[in-house]
Amino acid sequence: MFAIVDIETTGGSPQQSRITEIAVYLSDGKKVVDQFITLVNPEQHIPSFITKLTGISDEMVASAPRFQDISSQLALITKDAVFVAHNVAFDYGMIRHEYRELGMEFHRQLLCTVKSSRKLIPGYPSYSLGNLCKELNIEIEHRHRAGGDALATMELFHLLYGQHKPDLLSLIEEGSPRFTGDPKADRMLENIPERTGVYFLHDSNQDVIYVGGGTNIRKKVLHHLTKGNSRQAFELRNSIADVSFEITGSELLALLMEMSEIRRLKPMFNRRYRPLAHRKIMLSKPLHYLIDKGPDRSTKIVVRVAEDQVGWGYFPSQQSISSTEDLDMFIRYVAIGTEYRSLIDAFLAKGRVEKII
1 MFAIVDIETT
11 GGSPQQSRIT
21 EIAVYLSDGK
31 KVVDQFITLV
41 NPEQHIPSFI
51 TKLTGISDEM
61 VASAPRFQDI
71 SSQLALITKD
81 AVFVAHNVAF
91 DYGMIRHEYR
101 ELGMEFHRQL
111 LCTVKSSRKL
121 IPGYPSYSLG
131 NLCKELNIEI
141 EHRHRAGGDA
151 LATMELFHLL
161 YGQHKPDLLS
171 LIEEGSPRFT
181 GDPKADRMLE
191 NIPERTGVYF
201 LHDSNQDVIY
211 VGGGTNIRKK
221 VLHHLTKGNS
231 RQAFELRNSI
241 ADVSFEITGS
251 ELLALLMEMS
261 EIRRLKPMFN
271 RRYRPLAHRK
281 IMLSKPLHYL
291 IDKGPDRSTK
301 IVVRVAEDQV
311 GWGYFPSQQS
321 ISSTEDLDMF
331 IRYVAIGTEY
341 RSLIDAFLAK
351 GRVEKII
């Protein structure tokens, strides 16, 4: 059996965000045999841009069951089933974190329809759920709601199952992979995805002792936990007690957040950023807006670049933008210093974002 799952959340980080809606369609590979769809009270505020995207507001979830109220039903409908999702690491990681907050474990075999589609039906320009459904003539009703997206994911799964069953089944993964052979390290790595973002290494007091970022944060954290022969690497490895992270989607935003958090937190194992002595000027105007992909398929990021400060935030990918003033309302974080513009120039000299205004 296969449990096709989609969730809506208050944000992109399991450590900071909560689930607001869950949809599960239980399938035998050809048809639906059971389903479970519910709003979930996240017990925290839903950001306005999430409400604009999904339509799910604080008022809608105020009387909805909490995760602990539906945890038994969710565990039952997914029991002995392969957990299927589009970008399964996100949905599975969020749900596992919710169970851990209740002192419970949640282990399922996994199948990602993004990875499966890339392998089994190559050649498409994008493997986002929206683009694949458009290319394959799969209708999506109630986009950016768990029920609609899960139903579309199920149709995609049924197509792959019908045309490529043996190859598809070979792509099923264990939900609790072993990376290092060290139980402590494996526990910390378990929910960290191979995605772009920022990560925070904590000591036993939960103080942040190192901040890093990149296009594959799991690989970087794995390196900290297992590699390096220098004295500092050894001391850091022995000091790590926990890992938290935030997915950005955009490599540029990951670099900006990494610099900002190092300056704010001053972690003991981070080296101080040195100013870039020579740089090619990539942004000629006093003020620019950079648009790039966000942490999930429904979100983009905006970076506002001035001479001595940089601001950034998230906005719904379907948001209509008619002027830069529309983008200003989504700026939530501001960092002061010309070194941020230097970092952006250095990045744009070799990298790219989706759009520069």
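Using the working numbering, you'd call the opening residue of the sequence shown number 1 and step up by one each time. Just so it is clear, CB atoms sit at the ideal spot from N, CA and C, and this is done for glycine as well.
Checklist line | Residue interval of the alpha helix (DSSP H) (run including Gln-163) | finding: 146-169
Checklist line | Distance CB(Met-154)-CB(Ile-4) smaller than 8 Å | finding: yes
Next item on the list: Count the other C-beta atoms from every protein chain shown that fall within 10 angstroms of the C-beta of Leu-102, then say buried if there are 16 or more, exposed otherwise.
Entry: exposed
Next item on the list: Tell me whether Gln-73 sits in a helix, a strand or coil according to DSSP, three-state version.
Entry: helix
Checklist line | Minimum C-alpha distance to Gly-249 - residue among Gly-313, Leu-132, Asp-34, Val-211 | finding: Gly-313
Check: With a CB to CB cut of under 8 Å and the five nearest residues on each side skipped, what residues in its chain are close to Ser-117?
Finding: Tyr-124, Tyr-127, Leu-132, Leu-156, Leu-160
Next item on the list: Note the first and the last residue of the continuous beta strand (DSSP E) segment covering Ile-197.
Entry: Checking the sequence shown, residue 197 turns out to be Gly, not Ile. Per DSSP, Gly-197 belongs to the beta strand (DSSP E) from 197-202.
Next item on the list: Can you give me the Cβ contacts of Glu-307 inside the same chain, cut-off strictly under 8 Å, excluding the 5 residues immediately before and after it?
Entry: Pro-286, Thr-338, Arg-341
Notebook entry, point to check: Quick one: what's Pro-316 bridged to in DSSP?
Noted result: Thr-299
Margin query: As an exercise, report each continuous alpha helix (DSSP H) stretch of at least 4 residues that is fully enclosed by the stretch 54-102, in chain order.
Written below: 58-61, 67-78, 88-101
Next item on the list: Give the DSSP-derived three-state secondary structure of Ala-23 in the structure shown.
Entry: strand
Checklist line | Nearest neighbour of Leu-53, chosen from His-144, Ile-321, Pro-65, Asp-203 [CA to CA] | finding: His-144
Check: Under the DSSP definition of a beta bridge, which residues are partnered with Glu-173?
Finding: Leu-110
Next item on the list: Quick one: grab the DSSP three-state call for His-288.
Entry: strand
Check: Near Ser-48, which residues of its chain fall below 6 Å by C-beta distance, leaving aside the five closest residues on each side in sequence?
Finding: none
Check: From what residue to what residue does the beta strand (DSSP E) around Val-221 run?
Finding: Looking at the DSSP string, Val-221 is not in any beta strand (DSSP E); the run it does join, the alpha helix (DSSP H), is 217-226.
Next item on the list: Check the DSSP bridge columns for Thr-9 and list the partner residues they point to.
Entry: Ile-19
Next item on the list: State buried or exposed for Thr-324, treating a residue as buried only when at least 16 other CB atoms are found within 10 Å of its CB.
Entry: exposed
Next item on the list: Report yes if the C-beta distance between Gly-351 and Leu-290 is below 8 Å; otherwise report no.
Entry: no
Notebook entry, point to check: Thinking just about the alpha-carbon of each residue, which of Lys-184, Pro-316, Asp-242, Ile-209 is nearest to the one in Lys-266?
Noted result: Ile-209
Checklist line | Minimum C-alpha distance to Val-305 - residue among Glu-173, Ser-17, Ser-320, Ala-335 | finding: Ala-335
Checklist line | Beta-carbon proximity list for Ile-172, same chain, < 8 Å, skipping 5 on both sides | finding: Val-82, Gln-109, Leu-110, Leu-111
Note to self: According to DSSP, simplified to helix, strand and coil, what is Arg-264?
What the structure shows: helix
Notebook entry, point to check: If Leu-120 sits next to Leu-169, beta carbons under 8 Å apart, how far is it from one beta carbon to the other, in whole angstroms?
Noted result: Not a contact, Cβ separation roughly 11 Å.
Notebook entry, point to check: With distances taken from CA atoms, which of Leu-236, Thr-51, Tyr-25 is nearest Gly-11?
Noted result: Thr-51
Notebook entry, point to check: Using the beta-carbon count (16 or more within 10 Å), is Asn-270 buried or exposed?
Noted result: buried
Next item on the list: Let me know the secondary structure DSSP gives Asn-238 once reduced to three states.
Entry: helix
Note to self: Closest to Ala-85 by C-alpha separation, out of Ile-22, Glu-258, Glu-261, Asp-242, would be which residue?
What the structure shows: Ile-22
Item checked: Check whether Val-310 and Phe-245 have beta carbons under 8 Å apart -> no
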